[in-house]
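Asks: Taken in order, these protein sequences are the chains called A and B.
Count the first sequence with the numbering used here and you get residues 17 to 227, in order.
Count the second sequence with the numbering used here and you get residues 17 to 227, in order.
Yeah, the Cβ is synthetic: ideal placement off N, Cα and C, and Gly gets one too.
2 protein chains.
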Amino acid sequence: MAQLDTKNRILNGAEQLFAREGFRNTSLRALTRLAEVNLAAVNYHFGSKDALLQAVIERRLLPLNEIRAKKIETVIEQARQRGTAPGADDLLRAFIEPTLEFRNSSPGADDFILLIGRSLSEPDATVRNCFLKLVLPAVHLLFAGLREALPQLSSAVLLTRLQFIIGTMSHVMSMGTLSPLNDPTFPQPLEQQALIDQLMKYALAGLEAPE
Amino acid sequence: MAQLDTKNRILNGAEQLFAREGFRNTSLRALTRLAEVNLAAVNYHFGSKDALLQAVIERRLLPLNEIRAKKIETVIEQARQRGTAPGADDLLRAFIEPTLEFRNSSPGADDFILLIGRSLSEPDATVRNCFLKLVLPAVHLLFAGLREALPQLSSAVLLTRLQFIIGTMSHVMSMGTLSPLNDPTFPQPLEQQALIDQLMKYALAGLEAPE
DNA sequence: ACCCATTTCAAACAAGTGTTTAAATACGCC
DNA sequence: GGCGTATTTAAACACTTGTTTGAAATGGGT
Numbered sequence: 017m018a019q020l021d022t023k024n025r026i027l028n029g030a031e032q033l034f035a036r037e038g039f040r041n042t043s044l045r046a047l048t049r050l051a052e053v054n055l056a057a058v059n060y061h062f063g064s065k066d067a068l069l070q071a072v073i074e075r076r077l078l079p080l081n082e083i084r085a086k087k088i089e090t091v092i093e094q095a096r097q098r099g100t101a102p103g104a105d106d107l108l109r110a111f112i113e114p115t116l117e118f119r120n121s122s123p124g125a126d127d128f129i130l131l132i133g134r135s136l137s138e139p140d141a142t143v144r145n146c147f148l149k150l151v152l153p154a155v156h157l158l159f160a161g162l163r164e165a166l167p168q169l170s171s172a173v174l175l176t177r178l179q180f181i182i183g184t185m186s187h188v189m190s191m192g193t194l195s196p197l198n199d200p201t202f203p204q205p206l207e208q209q210a211l212i213d214q215l216m217k218y219a220l221a222g223l224e225a226p227e
Numbered sequence: 017m018a019q020l021d022t023k024n025r026i027l028n029g030a031e032q033l034f035a036r037e038g039f040r041n042t043s044l045r046a047l048t049r050l051a052e053v054n055l056a057a058v059n060y061h062f063g064s065k066d067a068l069l070q071a072v073i074e075r076r077l078l079p080l081n082e083i084r085a086k087k088i089e090t091v092i093e094q095a096r097q098r099g100t101a102p103g104a105d106d107l108l109r110a111f112i113e114p115t116l117e118f119r120n121s122s123p124g125a126d127d128f129i130l131l132i133g134r135s136l137s138e139p140d141a142t143v144r145n146c147f148l149k150l151v152l153p154a155v156h157l158l159f160a161g162l163r164e165a166l167p168q169l170s171s172a173v174l175l176t177r178l179q180f181i182i183g184t185m186s187h188v189m190s191m192g193t194l195s196p197l198n199d200p201t202f203p204q205p206l207e208q209q210a211l212i213d214q215l216m217k218y219a220l221a222g223l224e225a226p227e
């Protein structure tokens with residue numbers, strides 16, 4: 017199983033470096049040195065640096081998407097059985113909570129969350145799209161649920177607010193629990209669960225504000 | 017005045033390419049070709065590529081910071097004269113509105129807004145800090161005002177929510193008016209002023225949510 | 001023990017990077 | 001007009017980039 021070992025060592029190293037230093041700023045030489053594999057191993061096992069990025073993203077994002085989709089569908093399903101509209105708070109939680117809790121799910125997952133938190137504002141369209149095309153279906157599902165939950169909002173306004181929420185999330189994801197304004201005069205940042213609770217309150221209030 | 021011409025042509029070209037392609041992904045050769053100046057002109061006039069980035073950011077961010085600081089101080093000052101606490105909505109608007117309206121203030125300013133919208137999640141610490149150190153004072157000022165406006169919120173929660181707002185803003189800035197989820201089944205994005213209004217409502221509701 | 005496909009390895013490839021150099025040109029001022 | 005500083009220029013610098021190559025090593029199956 018030397019093959020899988022090498023492949024995974026590359027994936028783990030790439031996840032760390034792509035997230036912390038950026039995709040273009042990570043050289044294959046730095047990566048293969050960290051992963052303790054030969055320089056040519058990346059092209060042998062993945063074909064190219066671009067294909068490696070896709071593998072890094074898919075490895076974790078596909079499972080995460082399944083979790084989110086299942087949770088959202090459950091919320092919608094249960095509402096349908098009750099004969100009521102799904103709750104905006106339940107829908108939002110089904111999308112936000114698994115995403116942020118994913119950080120603590122396994123070693124390296126925190127780097128992955130950092131990576132996709134940064135992907136949305138990535139200038140390189142190749143990198144951005146690689147992540148976008150995987151995440152779009154989940155957003156579609158959430159949007160459809162929210163349309164039912166908040167029928168008083170126009171479609172355009174709802175979409176705009178959903179984008180605000182995605183922006184807030186990606187900021188939280190790319191920041192970890194620490195403050196970008198790390199200044200001694202500022203208070204200490206919140207713990208993980210308190211942060212999720214605050215994010216839920218903030219996003220829900222913004223979403224439900226009168227139009 | 018050939019010197020200023022060259023300097024400004026470099027600054028304009030750099031602003032456009034740094035914003036759209038990213039700082040590290042922009043080569044001096046591509047930049048000098050676009051600006052129609054000699055390759056060595058960048059190092060002659062600015063010293064290095066890093067110093068050029070700083071010049072690009074400072075050229076617009078220093079004036080923008082003055083506008084924002086003045087507006088925030090005016091809000092606080094007027095409240096002080098009334099003997100009341102400043103309004104959270106006035107403070108927020110004093111920070112958000114000039115920032116987003118800056119996009120239409122002059123040619124190239126839209127690229128600049130894109131650039132600093134992306135800076136916050138920039139993996140390269142050099143780039144990130146170059147922008148952060150200039151923006152921090154304005155955030156400090158806003159935070160101090162909001163402390164007075166919303167005394168019922170604990171300091172840690174207020175800071176967290178201010179970060180959410182900054183995340184939302186930087187997302188809007190890095191997206192322009194167009195949707196990252198540009199899909200024909202999604203509704204058309206909002207116009208500039210409607211977007212600002214929605215952002216204000218969203219951020220204010222999230223900020224004032226019960227703790 | 002042998003074979004054969006899989007994997008590893010050091011070396012080299014062509015192309016692109018930011019920066020420096022020294023000569024050529026331009027331009028304001030006496 | 002001509003001196004002297006400021007600017008522009010083409011060329012070269014040393015270095016890094018992703019990728020390819022062909023030989024060496026590995027390891028499971030019969």
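#1: Would you call the region 146-156 of chain A in contact with the region 68-77 of chain A, where contact means no fewer than 3 C-beta pairs closer than 8 Å?
#2: Determine contact between the region 215-223 of chain B and the region 176-193 of chain B, defined as no fewer than three beta-carbon pairs at a distance below 8 Å.
#3: Ends of the alpha helix (DSSP H) at B/Asp161?
#4: Run down chain A in chain order and give the residues with a C-beta less than 8 Å from the C-beta of B/Glu37.
#5: Within 7 Å of any Cβ in chain B, is that where the Cβ of A/Leu206 sits?
#6: Measuring straight from C-alpha to C-alpha, what distance separates B/Glu207 and A/Asn24?
#7: According to DSSP, is B/Glu117 helix, strand or coil?
#8: Could you tell me which chain B residues have their CB closer than 7 Å to the CB of A/His61, listed as they occur along the chain?
#9: Mind checking A/Thr142: buried by the 16 CB within 10 Å criterion, or exposed?
#10: Comparing C-alpha positions only, which one of A/Lys86, A/Ala172 and A/Ala110 sits nearest to B/Pro203?
#11: Counting C-beta neighbours from all protein chains within 10 Å, is the total for A/Thr100 16 or more, i.e. buried, or is it exposed?
#12: Among A/Ile212, A/Leu162 and A/Ser170, whose alpha-carbon lies nearest the alpha-carbon of A/Met185?
#13: In chain A, which residues lie less than 8 Å from B/Ala221 when you measure between Cβ atoms?
#14: Expressed to the nearest angstrom, what Euclidean distance is found between the alpha-carbon atoms of B/Ile88 and B/Val155?
#15: Near B/Gly161, what residues of its chain come up, given a Cβ to Cβ distance below 8 Å and the 5 sequence neighbours on each side ignored?
#16: What does B/Ala67 touch in chain A if you count any residue whose Cβ is under 7 Å from its own?
#17: I think B/Ser43 touches B/Leu130, with their Cβ atoms under 8 Å apart; what is that distance to the nearest whole Å?
#18: Over the uninterrupted alpha helix (DSSP H) stretch that includes A/Ser190, give me the two end residues.
#19: List the residues of chain A that B/Pro203 touches, going by C-beta distances under 7 Å, in chain order.
#20: Contact defined as beta carbons within less than 8 Å: I believe A/Val58 pairs with A/Leu50. What is the distance between those atoms, to the nearest angstrom?
#21: What first and last residue would you give for the alpha helix (DSSP H) that runs through A/Thr90?
#22: Rounding to the nearest angstrom, what Cα-Cα distance links B/Pro114 and B/Arg84 in this structure?
Replies: Short version:
#1: Cβ pair count under 8 Å is three or more, so yes.
#2: yes
#3: The identity of residue 161 of chain B in the sequence shown is Gly, whereas the question assumes Asp. In this chain, the alpha helix (DSSP H) harbouring B/Gly161 covers Ala141 to Ala165.
#4: Pro139 and Asp140
#5: yes
#6: 46 Å
#7: Three-state result, B/Glu117: helix.
#8: Within chain B, no residue comes near A/His61; the closest Cβ sits about 24 Å away, beyond 7 Å.
#9: exposed
#10: A/Ala172
#11: exposed
#12: A/Ile212
#13: Ala221, Gly222, Glu224 and Ala225
#14: Near 10 Å, if we compare the C-alpha coordinates of B/Val155 and B/Ile88.
#15: Ile88, Val91, Ile92, Pro102 and Leu107
#16: Within chain A, no residue comes near B/Ala67; the closest Cβ sits about 19 Å away, beyond 7 Å.
#17: With a Cβ gap of about 19 Å, B/Ser43 and B/Leu130 do not count as contacting.
#18: Ser171 to Met191
#19: Ser171, Ala172 and Leu175
#20: Not really, about 12 Å apart at Cβ, beyond 8 Å.
#21: Lys65 to Arg98
#22: Their backbone Cα atoms lie some 7 Å apart in a straight line.
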